[in-house]
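Undergrad:
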Amino acid sequence: MRSILFFSTMIFLSVSTCIAAEDMKTIQTVDLKGTWQISQVDGSIKTTGEIPGGIHSALYEAGLIEDPYFGTNEEKIQWVAEYDWKVSRKFTIDPLLPAYQDIYLEVKNPDTFCEFRVNGKLVGTSDNMFVAFKARVKKYLIPGENNIEILFHSPLKAAAKQREKYEKPFPSQQGDFNYVRKVQCHNGWDWGIKMPVSGITDEIRLVAVNGPMIEHVYASQKHDKGSCEVTVNIELLARSAGQQKLAVRLAGQDKELNCTYKYGMNKYQVSFQINNPDLWWPAGYGDQNLYELEVVNKDQIVKRSIGLRKLELVDEDDKYGTSMKFRINDVDIFCKGANWIPCDAFMNRQTDEKYEYLLKSMVEANMNIVRAWGGGYYERDIFYDTCDRIGLLVWQDMMFSCATYPGDKDFLASVEKELKYQVKRIYDHPSIVIWCGDNECVGAIGWYEESRSDRPYYEKEWSKLNDARQKALQEIYPEARYWPSSPSDGKGLGSDGWSDDTKGDMHYWEVWHGGKAFEAFYDVNPRFCSEFGYQSLPSMESVESFAPADQLDVESEVFTVHQKSKGNKYIIQMFERYFQSPKDFQSTLYLSQLQQAKAIKTASEYWRSIKPVCQGIIFWQLNDNWPVCSWSSIEYNGNWKQLHYQAKQFYAPVMSCAIPKDGKYELYCVSDLLTEADVEIKVDIYDFNGNILKEKTHNVKAAKQSSTALEAISAAKLPVDPGQCFAVLKTTASANGKTYSHENTIFFTEEKNCGLMPAKIETKVSEVNGKYQVELTTDKPAFFVVLETPGIKGIFSNNSFTLLPGEPKTVEFVPVEYRSRVKFGKVLKVMHLRETY
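Going by this note's numbering, the sequence shown wraps up at 838, each residue one higher than the last.
1) Just to confirm the assignment: which complete alpha helix (DSSP H) runs, minimum length 4, are found wholly within the region 568–618?
2) Going by C-alpha distance, which of Phe651, Phe576, Glu577 is nearest Pro601?
3) Considering only residues of the region 72–123, which uninterrupted alpha helix (DSSP H) runs meet the minimum length of 4 residues and lie entirely inside it, listed in chain order?
4) Could you give the distance in angstroms between the alpha-carbon of Gly444 and the alpha-carbon of Asp497?
5) Spatial neighbours of Lys461 within its chain, please: C-beta separation below 8 Å, excluding the five flanking residues on both sides.
6) What residues match up with Asp398 in a beta bridge as DSSP calls it?
7) So Arg528 and Ser767 are in contact, right, with Cβ under 8 Å, and what is the actual spacing, rounded?
8) Cβ of Ser566 within 8 Å of Cβ of Gln594?
9) Decide if Lys824 is buried, meaning its Cβ has at least 16 other Cβ atoms within 10 Å, or exposed.
10) Please list, in chain order, all residues of the same chain as Asp490 whose beta carbon is under 6 Å from its beta carbon, the five residues on each side excluded.
11) State the DSSP-derived secondary structure class of Gly826, mapped to helix, strand or coil.
12) Applying the 10 Å Cβ sphere with the 16-neighbour rule, what's the burial state of Val786?
13) Per DSSP, Lys268 forms a beta bridge with which residues?
14) Looking only at its own chain, which residues have a Cβ that is under 6 Å from the Cβ of Asp333, when we skip the five neighbours before and after it?
15) Let's see if you can read the secondary structure: which residues bound the beta strand (DSSP E) around Leu60?
16) In the DSSP assignment, what are the bridge partners of Tyr637?
17) Using CA coordinates, which residue listed in Ile275, Lys337, Tyr591 is at the minimum distance from Cys530?
18) Going by other Cβ atoms of all chains shown within 10 Å of its Cβ, with 16 needed for buried, is Gln270 buried or exposed?
19) Tell me, which residues are paired with Gly338 by DSSP?
20) Per the DSSP calculation, His743 is bridged to which residue(s)?
21) Buried or exposed for Pro720, please, with buried defined as at least 16 other CB atoms from any protein chain shown within 10 angstroms of its CB.
22) Under three-state DSSP, which class holds Ser657?
23) Can you give the Cα-Cα distance for Asn349 and Ala63, rounded to whole angstroms?
24) Can you pull the DSSP bridge partners for Gln774?
25) When you compare the region 137–154 with the region 115–128, are there three or more beta-carbon pairs, one atom per stretch, that lie closer than 8 Å?
26) Would you identify the three-state DSSP class for Tyr458, choosing helix, strand or coil?
27) Quick one: give me the first and last residue of the beta strand (DSSP E) that Ser707 is part of.
28) Can you list, in chain order, the stretches of the beta strand (DSSP E) that have 3 or more residues and sit fully within the region 136–174?
29) Please tell me whether Thr746 and Phe689 are closer than 8 Å, where the distance is taken between their beta carbons.
30) Using CA coordinates, which residue listed in Gly253, Tyr264, Val231, Asp225 is at the minimum distance from Gly243?
31) Might you give, ordered along the chain, the residues of its own chain that have their beta carbon closer than 7 Å to the beta carbon of Lys827, omitting 5 neighbours on each side?
32) Please confirm whether Ile619 and Ala239 have their CB atoms less than 8 Å apart.
33) Leaving out the 5 sequence neighbours to the left and right, which residues in its chain are closer than 6 Å to Tyr646 when beta-carbon positions are compared?
34) Quick one, which of Gln706, Thr837, Ala648 has its alpha-carbon nearest Ala604's?
35) In three-state DSSP terms, what is Tyr509?
36) Please return the same chain residues whose Cβ sits closer than 7 Å to the Cβ of Ser798, not counting the five positions on each side in sequence.
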């Protein structure tokens with residue numbers, strides 16, 4: 002894992018007092034993670050809990066609060082955030098530790114309003130969770146046993162106290178949290194539980210140092226023809242003046258710096274010229290080559306993995322308006338991805354395994370970009386490291402969302418400190434391609450009566466905040482691609498990214514929030530759509546994790562608590578446009594996920610077909626932070642919804658689609674490949690008994706990164722009535738020795754008007770090397786066939802597909818944990834559209 006410091010192995014009492022001072026390491030650490038005592042201030046609760054972790058998780062694990070995710074328990078735990086809490090623990094220091102020149106207490110992510118005491122003495126405070134806490138504590142330590150205590154002030158009361166400092170209100174959707182620098186969605190969101198946690202989300206430790214210590218290492222790069230110059234920036238923190246040698250290694254080159262340092266922070270640079278570098282590419286465009294950078298300060302070692310890539314944000318005037326696209330290594334990238342929210346509301350459940358699973362699931366669904374949304378975190382190192390390794394581009398929002406924010410001196414000073422810390426921490430990741438000031442904060446000025454009635458004042462406050470953000474970023478990273486707000490045209494206040502599709506990035510919400518039909522997506526032609534979405538209900542397995550049996554109704558009290566947006570009735574009402582009424586609750590859940598997939602597929606296929614007008618699609622949203630009805634493509638429990646499985650198809654490198662227009666279905670071949678491809682597209686029209694009525698084959702020389710119009714299928718000239726037939730597009734492409742395949746099913750009218758036949762699907766399960774293979778056959782065409790394995794976690798190679806008579810499909814299932822073939826076959830469930838009514 003990347004970190005500000007690379008620490009040597011922790012040593013406790015095992016070090017003998019007879020070791021000479023010259024034998025001491027440059028850095029010695031005492032890890033303070035583990036079990037801490039927890040007590041309620043002005044209350045009676047005392048318990049224990051794990052740090053890193055939070056107050057809520059400790060209370061839950063001790064049985065002092067009920068599961069906040071279950072039933073209506075969310076309301077029952079709101080009292081927790083209204084109290085102050087103390088956490089403390091004893092620790093024993095190495096007898097040699099006091100001989101070190103200085104000792105620091107370091108806390109990577111203090112959340113949020115904290116007082117730190119060592120042996121009863123206040124050593125520092127924190128009120129911004131996005132800045133690491135660091136304090137000198139040597140003089141407070143004693144030989145033998147010591148005590149550390151953290152007082153967490155109520156985030157609700159702290160935020161309210163900050164609000165009282167201002168004469169004018171700053172309205173928001175998250176209570177008073179826009180007045181403080183804390184994760185904004187902790188106070189609830191339109192997909193998230195209201196659980197204002199307090200705690201430590203990452204490392205906490207003592208760091209003893211001898212001599213100067215490397216505080217930050219970050220690298221910039223400048224590309225020329227056939228070469229790259231990498232400049233390594235090193236910040237050295239010293240408590241006295243002196244001299245020190247630093248060794249820096251990169252790409253097989255070794256350099257030594259003779260550093261003369263003074264008290265405080267010292268900055269140094271060293272450059273490397275790398276000829277014919279192995280470049281880093283996003284997923285689908287090339288390999289993710291990484292170079293190891295190492296900076297050595299005696300026995301302190303800082304390591305980085307550096308990806309070399311040329312990056313441009315191209316916003317040029319063209320015949321369609323003004324472009325927005327990322328150009329990497331001189332190649333225009335078509336971005337395909339999803340928005341990321343915090344992966345769990347409980348701190349201690351934000352595990353490395355969860356990060357890896359979610360991010361790798363994106364690449365497995367042919368995605369190449371993730372947007373780190375501005376109401377959450379500057380994410381943990383594992384997030385960016387994983388994106389570097391697997392080729393996910395990162396659109397990095399700064400942590401401001403859906404609110405008006407103050408622009409006074411104190412608030413901006415905190416923001417500046419936050420950004421300088423975070424930029425140094427993560428900016429040299431090759432995956433990060435843009436820094437965006439906020440999410441929808443320009444638009445938010447027009448959402449509230451207070452800001453609408455005095456717009457010039459709130460625009461001025463936003464501008465002060467925006468200027469401070471950009472300045473802080475570019476002081477550290479002058480070449481940074483800064484985008485003031487999402488959505489915007491990249492210039493600031495004057496843009497309207499909700500209705501103007503000719504420039505910048507767009508958020509298009511007229512289908513979900515506006516209640517329009519899915520065909521409304523055809524009316525917009527965004528240059529880059531960074532938000533759009535449609536909700537679904539969770540699967541039965543998820544529902545059973547939060548709802549008792551008597552609450553299995555979308556209008557029940559429990560379902561209402563687990564729906565934070567407009568309500569489940571809007572999902573049900575949309576069924577009337579496209580589908581027949583579901584026969585039971587299980588069918589309702591299935592149909593909601595099919596409807597969600599249909600919505601996002603409709604937009605994504607069309608926007609890909611109009612390339613290069615559109616060069617980016619990021620749907621809302623990838624994941625959930627608790628079990629809930631939401632826009633996610635992956636449920637809280639890790640199950641892929643139909644949307645995520647279908648995204649694997651509509652984000653495929655080469656695909657074919659049919660866009661309805663004026664009574665015709667315009668057929669397109671879309672390729673993201675960097676070379677010309679030989680493509681065969683079979684267009685077979687069937688009746689609903691599975692008989693082929695008409696067939697045609699298109700052989701296409703698809704140009705690189707192209708969308709090619711092939712033919713228009715007239716609904717009026719179909720072999721039978723549009724409600725009595727469907728088409729299957731089977732695409733096979735070859736380029737550079739690789740073969741790509743894609744399949745798409747086209748209905749010529751709404752599914753509710755189609756003459757679907759009852760289908761009998763049979764399955765045969767086999768096991769190969771710990772993976773399961775399911776062979777499926779059917780007697781009649783079956784649509785949106787979905788396989789589920791309740792209780793067995795894993796991913797199917799294909800799901801939500803069409804199954805035709807005489808054409809068996811074999812689907813592979815990769816389990817997270819091994820189960821016997823008998824167990825797998827017993828829990829396997831198969832559903833398809835016709836059996837839902």
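Every residue gets a Cβ at the ideal spot worked out from N, C-alpha and C, and that includes glycine.
TA: Looking at the coordinates:
1) Runs of the alpha helix (DSSP H) inside the region 568–618: 569–579, 586–610.
2) According to the sequence provided, residue 601 is Ile. The question's Pro does not apply to it. The candidate whose alpha carbon is nearest that of Ile601 is Phe651.
3) The region 72–123 contains these whole alpha helix (DSSP H) runs: 74–77.
4) Taking C-alpha positions only, Gly444 is separated from Asp497 by approximately 8 Å.
5) Around Lys461: Gly408.
6) For Asp398, the pairing in a beta bridge is given by DSSP as Cys437.
7) Between Arg528 and Ser767 a beta carbon distance of about 48 Å is seen, past the 8 Å cut, so the two are scored as non-contacting.
8) Their beta carbons are not under 8 Å apart, which means Ser566 does not touch Gln594 by this criterion.
9) The residue is exposed, with fewer than 16 neighbouring Cβ atoms inside 10 Å.
10) Contacts found: Ser496, Lys504, Gly505.
11) Under the three-state reduction of DSSP, Gly826 is assigned to helix.
12) In summary, Val786 is buried, with 16 or more beta-carbon neighbours lying within 10 Å of its beta-carbon over all protein chains present.
13) Answer is Glu236.
14) Exclusion of the five residues before and after Asp333 leaves Lys326 as the residues of its chain whose Cβ lies within less than 6 Å of its Cβ.
15) Leu60 -> not in any beta strand (DSSP E); alpha helix (DSSP H) instead, spanning 56–62.
16) None, per the DSSP bridge assignment.
17) Of the candidates Ile275, Lys337, Tyr591, the one whose C-alpha sits nearest the C-alpha of Cys530 is Lys337.
18) Burial state of Gln270 is exposed, judged by a 10 Å Cβ sphere holding fewer than 16 other Cβ atoms.
19) In DSSP, Gly338 forms a bridge with Ile370, Ile619.
20) His743 pairs with Thr732.
21) Classification for Pro720: exposed.
22) Ser657: strand per DSSP, three-state reduction.
23) Here the alpha carbon of Asn349 sits roughly 14 Å from the alpha carbon of Ala63.
24) Per the DSSP secondary-structure output, Gln774 pairs in a beta bridge with Ser767, Glu813.
25) Remark: three or more beta-carbon pairs, one from each stretch, lie closer than 8 Å, so the region 137–154 and the region 115–128 are flagged as touching.
26) In the structure shown, Tyr458 falls within a helical segment according to DSSP collapsed to helix, strand and coil.
27) Counting along the chain, the beta strand (DSSP E) containing Ser707 begins and ends at 707–715.
28) Within the region 136–174, the runs of beta strand (DSSP E) at least 3 residues long that lie entirely inside it are, in chain order, 146–153.
29) Taking a C-beta distance under 8 Å as the contact criterion, Thr746 and Phe689 do not qualify as a contact pair.
30) Across the set Gly253, Tyr264, Val231, Asp225, the C-alpha of Tyr264 shows the shortest separation from the C-alpha of Gly243.
31) Excluding sequence neighbours, Lys827 sits near nothing in its chain.
32) No, these two residues do not count as a Cβ contact at 8 Å.
33) Excluding residues within five positions, the ones whose Cβ falls inside 6 Å are Asn800, Ser801.
34) It is Ala648.
35) If DSSP states are grouped into helix, strand and coil, Tyr509 belongs with coil.
36) Counting only Cβ-Cβ distances below 7 Å, and skipping sequence neighbours, we find Val812, Glu813.
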